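**Student:** One structure, pasted below without further comment.
2 protein chains.
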Amino acid sequence: MEMSPAVEKYVLHWGEMGTRWGTNRTVAQIQALLYLSPRPLRADEIVDMLSVARSNVSTSIRELQSYGLVKMTHVLGDRRDYFESPHDVWELFRIIIEQRKQRELNPTLSMLRSCAAEVEAETSTDDITKERIKNMLAFVESVSEWYDKIREVPTTTLQKLMKLGAGIAKLVNKR
Amino acid sequence: MEMSPAVEKYVLHWGEMGTRWGTNRTVAQIQALLYLSPRPLRADEIVDMLSVARSNVSTSIRELQSYGLVKMTHVLGDRRDYFESPHDVWELFRIIIEQRKQRELNPTLSMLRSCAAEVEAETSTDDITKERIKNMLAFVESVSEWYDKIREVPTTTLQKLMKLGAGIAKLVNKR
DNA sequence: CTTAAATTTCAGTTCTGACTGAAAAAAGTG
DNA sequence: CACTTTTTTCAGTCAGAACTGAAATTTAAG
Chain D
141 MEMSPAVEKY VLHWGEMGTR WGTNRTVAQI QALLYLSPRP LRADEIVDML
191 SVARSNVSTS IRELQSYGLV KMTHVLGDRR DYFESPHDVW ELFRIIIEQR
241 KQRELNPTLS MLRSCAAEVE AETSTDDITK ERIKNMLAFV ESVSEWYDKI
291 REVPTTTLQK LMKLGAGIAK LVNKR
Chain P
141 MEMSPAVEKY VLHWGEMGTR WGTNRTVAQI QALLYLSPRP LRADEIVDML
191 SVARSNVSTS IRELQSYGLV KMTHVLGDRR DYFESPHDVW ELFRIIIEQR
241 KQRELNPTLS MLRSCAAEVE AETSTDDITK ERIKNMLAFV ESVSEWYDKI
291 REVPTTTLQK LMKLGAGIAK LVNKR
């Protein structure tokens, strides 16, 4: 049970990128492995392929499940757990974005709201600073609202939007 | 030289978020401080406010400068360096996105390209896996191209786009 | 040119959190 | 219900990154 050179390269890179995003290396590597795998994998197979401790795989998969990035399946007459990841890149993208909103945008939003409220009463704080907090709040709020709306848009439309690129500017300004 | 409670809360939260993104706590805290400050700050002032070592401020500012998030200014008759951050949230946003593209998207793109090329020759690799690599490559390529185009769009247009939200779907599909 | 102020470098320390491995728990099996 | 297999928990280890503080360097003033 071993990875081909290209798959190994992919998995290692993905692990590296994972550390830049919220998660750790192993979690990202497992996700990559499951994304590429033509069939669901067992924990012990993942242990072999990645050369990490069984327990590490266990906790990593739990984390991925909590993100909605991995689901468990079973094979008839086999009591071991099998795991798989969504195979559609757009679905993966949506799930990841959603998670990041939950973990980063939302907490930041509530922090900014309470800061904006509190700072009003602070006579010692410069007006410019107050303004800056408000501006950041308005920005994050608008990103958040935009996301809430865009979430519902179907993949095909998003693909068209991507293709359009800067062309979107004309549409928006002209209408 | 100390921060008001609201400002302190802001700075601490920003530092925390910084660790989720690429950087470390101090770097993000300094950026937050400079964003909020009504005037450029000196390194020693930052040391006081954040209670970190002078050398830490020095290296953190260097990092911020390399990102284009901090620039140095001077006061007549004072040889100490003063630092400030862009105050426009959209500009900040652009700079940060640009950095992330450089550091994450571009390397991933070249990894995927070489993987997609290599994997073709691997007879042992399942066709499904080859397909998945291609799909991911196509996706990341399209995000990258989209970004290159959108980069030029002026802030005002982006703001309109945000306001539009899901309404954009109609525009795109109708035209 | 000497001295003082400001900044940077860097070796060493500290801290964080990822990872391991053994033990416990859970989930089937006969 | 005793036994086996599989999974999870958790205390301890380890590695890497962040941070400190002292020494070196740079910069400019007298």
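In the order they appear, the protein sequences are chains D and P.
The first sequence begins at 141 in the working numbering and counts up one residue at a time.
The second sequence begins at 141 in the working numbering and counts up one residue at a time.
We treat Cβ as the ideally placed atom computed from N, Cα and C, and that holds for glycine.
Remember, it's a predicted structure, so these values are computed and weren't measured experimentally.
According to DSSP, is D221 of chain D helix, strand or coil?
**Tutor:** strand
**Student:** For the beta strand (DSSP E) holding T159 of chain P, just list the boundary residues, first then last.
**Tutor:** Here T159 of chain P belongs to no beta strand (DSSP E); instead the alpha helix (DSSP H) covers 145 to 160.
**Student:** Measuring straight from C-alpha to C-alpha, what distance separates E231 of chain P and T265 of chain P?
**Tutor:** So the alpha carbons of these two residues sit roughly 45 Å apart.
**Student:** Mind reading off the beta-carbon distance from E258 of chain P to P145 of chain D? Whole number of angstroms is fine, and I expect it under 8 Å.
**Tutor:** 7 Å
**Student:** Give me the residue from P:V229, P:E142, P:Y207, P:R234 with the minimum Cα distance to T163 of chain P.
**Tutor:** Of P:V229, P:E142, P:Y207, P:R234, the smallest CA-CA separation from T163 of chain P is found for P:Y207.
**Student:** On a CA-only basis, which of P:E156, P:M212, P:M157, P:T199 is nearest L174 of chain P? Give me that one, please.
**Tutor:** P:M212
**Student:** With a threshold of 8 Å between beta-carbons, can E258 of chain P be considered close to chain D, or not?
**Tutor:** yes
**Student:** Of all the residues that make up the segment 258 to 276 of chain D, which are near chain P by a beta-carbon distance shorter than 7 Å?
**Tutor:** Those would be E258, V259, E262, S264, T265, D266, I268, T269, R272, I273, N275, M276, in chain order.
**Student:** What residue range is occupied by the uninterrupted beta strand (DSSP E) comprising T263 of chain P?
**Tutor:** That residue, T263 of chain P, is in no beta strand (DSSP E); it is neither H nor E in DSSP.
**Student:** What residues from chain D crowd round V147 of chain P, counting only those whose CB sits closer than 9 Å?
**Tutor:** C255, V259, E262, T265, T269, I273
**Student:** Pull up the distance between the alpha-carbon of I186 of chain P and that of Q205 of chain P, whole angstroms please.
**Tutor:** 15 Å
**Student:** Using the three-state DSSP reduction, which class does R202 of chain P fall into: helix, strand or coil?
**Tutor:** helix
**Student:** Over the uninterrupted beta strand (DSSP E) stretch that includes T213 of chain P, give me the two end residues.
**Tutor:** 211 to 215
**Student:** For A168 of chain D versus V293 of chain P, is the C-beta spacing smaller than 8 Å?
**Tutor:** Judged by beta-carbon spacing, V293 of chain P lies beyond the 8 Å limit of A168 of chain D, meaning their Cβ atoms are not closer than that value.
**Student:** With a threshold of 16 other CB atoms inside 10 Å of the CB of A193 of chain D, please say whether the residue is buried or exposed.
**Tutor:** Taking a 10 Å sphere around the C-beta of A193 of chain D, we find fewer than 16 other C-beta atoms and assign the residue as exposed.
**Student:** What does T320 of chain P touch in chain D if you count any residue whose Cβ is under 7 Å from its own?
**Tutor:** With chain P covering only 141 through 315, there is no way to say anything about residue 320 of chain P.
**Student:** Of the residues that make up the segment 174 to 201 of chain P, which ones have a beta carbon closer than 8 Å to any beta carbon in chain D?
**Tutor:** Correct list: Y175, L176, S177, P178.
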